[in-house]
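Worksheet: one structure, shown below.
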Amino acid sequence: MTPKRLGWAGIALGFLAFFIAVPPIMLRSIVPIVVVAAAGVVVGVLAVRGGERRLGYGAIVAGVLGLGGGYAATRSGEANLEQVVVWGALLASTLRYATPLTLGALGGLFSERSGVINIALEGMMLMGAFFGAWGADVTGSWVGGIAVALVAGALFAGLHALFAITFRADQIVSGTALNLLAVGITGYMYVAIYGDQGTPDDLPAVPDVSLPIKSVPLLGDVFGQLNLLVWVALAMVLVTWVIVFRTPGGLRLRSAGENPLAAETAGLSVVRTRYLAVMTSGALAALGGAFLSIGFVHTFSQNMTAGRGFIALAALIFGRWRPGTALAATLLFGFGSALAQRLPVFSPSGAVLFQALPYVLTLIAVTGLIGRSIPPAALGRPLPKS
Amino acid sequence: MSDELPPDATVAAKLATYVRAGGVITPLITLLVAFLIGGLAVLITGHDPIATYKAIFNGTGLNWLFPWTSAQDRTIAALNLQQTLIVTTPLILTGLAVAFAFRCGLFNIGGQGQYVVGGIGAVWVGQAFAGMPSVLHITLAILTGVVFGAIWAGIAGLLKALAGTNEVISTIMLNWIAIWTGSYLFNLGGPLQNTNPAQKDVPVSNDVAASAKLPVFWGDPQLQGLHIGLFIALAALLVFWVLLNRTTLGFEVRAVGFNPDAAASSGISVARNYIVVMAICGAFAGLAGTLDVLGWQFRIAVNDIQINQLGFFGIAVALLGRNTAVGTFFSALLFGGLITGTSVRNLDPNVFEPALATNLTYIIQGLVVLLVSTDVLVIWLWQLRRRRRTVPA
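Top to bottom, those sequences are chains Y and P. Residues 4 to 389 (our numbering) are what the first sequence spells out, left to right. Residues 18 to 410 (our numbering) are what the second sequence spells out, left to right.
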């Protein structure tokens, strides 16, 4: 077996160790869990020795986590476990939590692949959340809400583009400014328009898609009744991959982010490419925000994104600036949120600590302990003026 | 255009140019533009911007300084000014946490996390050891908060020095790790939740012991008077200035800030500087959280951790203050005034709704940072000055 396959096998064993401890299998003895988890760690060590560091260390971490999770599961009551681990509901809510993160991460991907740092995802998402709700309220339809959110996100991102590209401002400073501005603008408009009442109760909502697979076990529970935007987000992963890696436009986008001078020499307008990329970024992040306000909770509240834009950024980095791996990261983070949502049965404070997990994982990822995340070469560099 | 800065100039080098180019004028113009746009927002919602700004100003209590304020107004103004200075105190320190990093060419977005961690340290020591002599208890609590903050920021410095991890990303992640860890500690069943049986369902820490509370020197201690933390913050400004301008460390820090490659080739350890500088930044921010806990909050609730923004405000404070000690003081006072002047407690709701005004503060803050982010305004001023200088010759 190649080291790479060994690594994946180790990760799978780590997950298996946890899986056999919870419903429906729910082994009550620690022995098989230890055996499976240890096997995962051993396979991981073999993979590392074989030269596959990233997956190998991943397998070791998965084995340790699987052992910890499995041990915790054997120590808790069967009734509690039955209540927390309902795979169908858990996976469906994983998808729901992952959707805004996925859209945000894809937005960030466009911007950062073109060479413009986007730490303003949080602000763009917040703009989308407010303008989605406001647009839906004013136009009386969720389509209008989405449209308004997309335009608002793109225009707001245009401000980032104006400062970062045309004025050649420091991109981190202007991104920070946008995050602060978004809190102010959305909060100000929210109070001015809705005052104490909040958004109306009959806010048009993005509809759910009902698939006629309800009777299929597991799949029916997971995919049977999902919001339209969840499907849009999944489709956008594929669309983004095709655009960025399989079209001439995508090649231009990436060349602007890797070597802007060469791209310019080859006759490409780096400035125009970057503008387009950043505004696309804003529109996508705003779509993620709109999902929060009119797809998920059906109301807007001040600063409702609460750091999700930064988790999206984390997922983008954790996923090494690629759509597929970024999706995997958002699903992992989404699963964490979904699990945290149900954990209060055991311990309310422990569930809160779970929320820090995405950030810890990303911190580990960027330090290069488990294979380095390497950004586009020209990320953060404005085009030198000729 | 030889006036253009090279695109790969470090933030520190750019800001040094700004100071030479604009002096105190560019921050003032920046503020003017931000307040004008803010006034426009006020106008759109059908309020009088001048009356609004006047009400906000009176809410800050800064009219206490004017000799023509009547005795009756002066009493209220004194109360308001105490609140403004209470907010200014942590803002000076979170501003310094950002400014010191900038001078070394680092961007510390992690002030918020370092502030939270510092507060946790202070409340942890402050609520224990009841009955300890006050001076000792306060010193111990402050030291704990400072060390907590320094370690938290030091992680980012260490990662940058060892693995080259971008400090922007690591400090953002550390912010949220601190916020959620803090929420965990004080939450129901958390290790630092209060031990009072009557407050079993309240996610808040124990109160700090009386011996750990900072003395109030102006106003009524029962009504949240001004605590001596202000002097500690002012002393920190002095430390910042001396450290940066009168010590070998400061020289190295500035050298690394201008050009890390040049600094490295002249024998300065860039990696060591990154660690030390981030730790010092964290110490400043941690001190900010500490002083808030020991000075007037006396406890930390989960809600405080989730809502507080003082660490993020530090970015605007440092940028507007051009990363200098004097500049940081004045912009901390400005933002302290804005935060207090627009609060529910201090703004007259008949003139302008406080809920709106709070968001107006965020807008003005965002605009300030946005305008500072670009050198367009500065370059333009610089060229104007040059032209004026060359024309008579």
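C-beta atoms are modelled at their ideal positions from N, C-alpha and C, and glycine is treated no differently. All of these numbers come straight from a predicted model, not from anything done at the bench.
For residue 114/Y, the enclosing alpha helix (DSSP H) stretches over residues 90 to 116. Counting the other Cβ atoms within 10 Å of the Cβ of residue 283/P gives fewer than 16, which makes it exposed.
Cβ contact annotation for residue 171/Y (same chain, cutoff 6 Å, sequence separation greater than five): 385, in chain order. Collapsing the DSSP output to three states places residue 235/P in a strand. In the structure shown, the three-state DSSP call for residue 343/Y is helix. Of all residues in the segment 191 to 224 of chain Y, the ones placed with a Cβ closer than 7 Å to any Cβ belonging to chain P are 191, 194, 195, in chain order. Secondary structure note for residue 144/P: its alpha helix (DSSP H) is the uninterrupted segment 128 to 144. Around the CB of residue 350/P, 16 or more other CB atoms lie within 10 Å, so the residue is classed as buried. For a Cβ distance threshold of 9 Å, residue set 166, 167, 170, 172, 173, 174, 175, 176, 177, 178, 179, 180 of chain Y lies close to residue 390/P, ordered along the chain. For residue 197/P, the closest Cβ of chain Y is nearer than 8 Å.
In the structure shown, residue 254/P adopts helical secondary structure according to DSSP, grouped into three states. For the pair residue 180/P and residue 298/P, the CB atoms are not nearer than the 8 Å cut-off. With a cutoff of 8 Å on beta-carbon distance, residue 318/Y and residue 108/Y are scored as near each other. With contacts defined by Cβ atoms closer than 8 Å, residue 9/Y and residue 40/Y do not form a contacting pair. By the neighbour-count criterion, in which a residue is buried when 16 or more other Cβ atoms sit within 10 angstroms of its Cβ, residue 280/Y is buried. A direct Cα-Cα distance of roughly 27 Å separates residue 98/Y from residue 201/Y.
Identification of residues in the segment 184 to 211 of chain P having a C-beta nearer than 9 Å to some C-beta of chain Y yields 185, 186, 187, 189, 190, 191, 192, 193, 194, 195, 196, 197, 198, 200, 201, 202, 203, 204, 205, 206, 207, 208, 210, given in sequence order.
Listed along the chain, the chain P residues whose CB falls inside 7 Å of the CB of residue 285/Y amount to none; the nearest CB is some 15 Å away. Contact annotation: the segment 187 to 198 of chain Y touches the segment 374 to 385 of chain P, with at least three C-beta pairs closer than 8 Å. Per the C-alpha coordinates, the member of 76/Y, 131/Y, 175/Y positioned closest to residue 185/Y is 131/Y. Counting only the Cα atoms, residue 58/Y lies some 26 Å from residue 106/Y. Between residue 306/P and the set 220/P, 163/P, 255/P, 361/P, the nearest pair of CA atoms involves 163/P. When secondary structure is reduced to three states using DSSP, residue 224/Y falls in the helix class. If you check the CB distance, residue 110/Y and residue 124/Y come in under 8 Å. The beta carbon of residue 175/Y is closer than 8 Å to those of 120, 122, 383 in its chain, skipping five residues each way along the sequence. For residue 209/P, the secondary structure class from DSSP, reduced to helix, strand or coil, is coil.
Neighbours of residue 382/P in chain Y, taken as residues at a C-beta separation under 8 Å, are given in chain order as 183, 187.
Spanning the alpha carbons of residue 260/P and residue 270/P requires a straight line of approximately 10 Å. Interface criterion met: the Cβ of residue 370/Y is under 8 Å from a Cβ in chain P. Only exposed fits residue 217/Y, as fewer than 16 other CB atoms lie within 10 angstroms of its CB. Burial state of residue 230/P is buried, judged by a 10 Å Cβ sphere holding 16 or more other Cβ atoms. Within chain Y, 122, 175, 179 have C-beta atoms less than 9 Å from the C-beta of residue 126/P, given in sequence order. Using a 10 angstroms sphere on the CB of residue 177/P, the tally of other CB atoms reaches 16 or more, which defines it as buried. Each residue's CA atom was taken as its position, placing residue 173/P and residue 65/Y some 25 Å apart. Taking a cut-off of 8 Å on C-beta distances, the segment 97 to 106 of chain P touches the segment 355 to 369 of chain P, as three or more cross pairs fall below it. Within its own chain, the residues whose Cβ lies closer than 7 Å to the Cβ of residue 247/P, once the five positions on either side in sequence are excluded, are 102, 106, listed in chain order.
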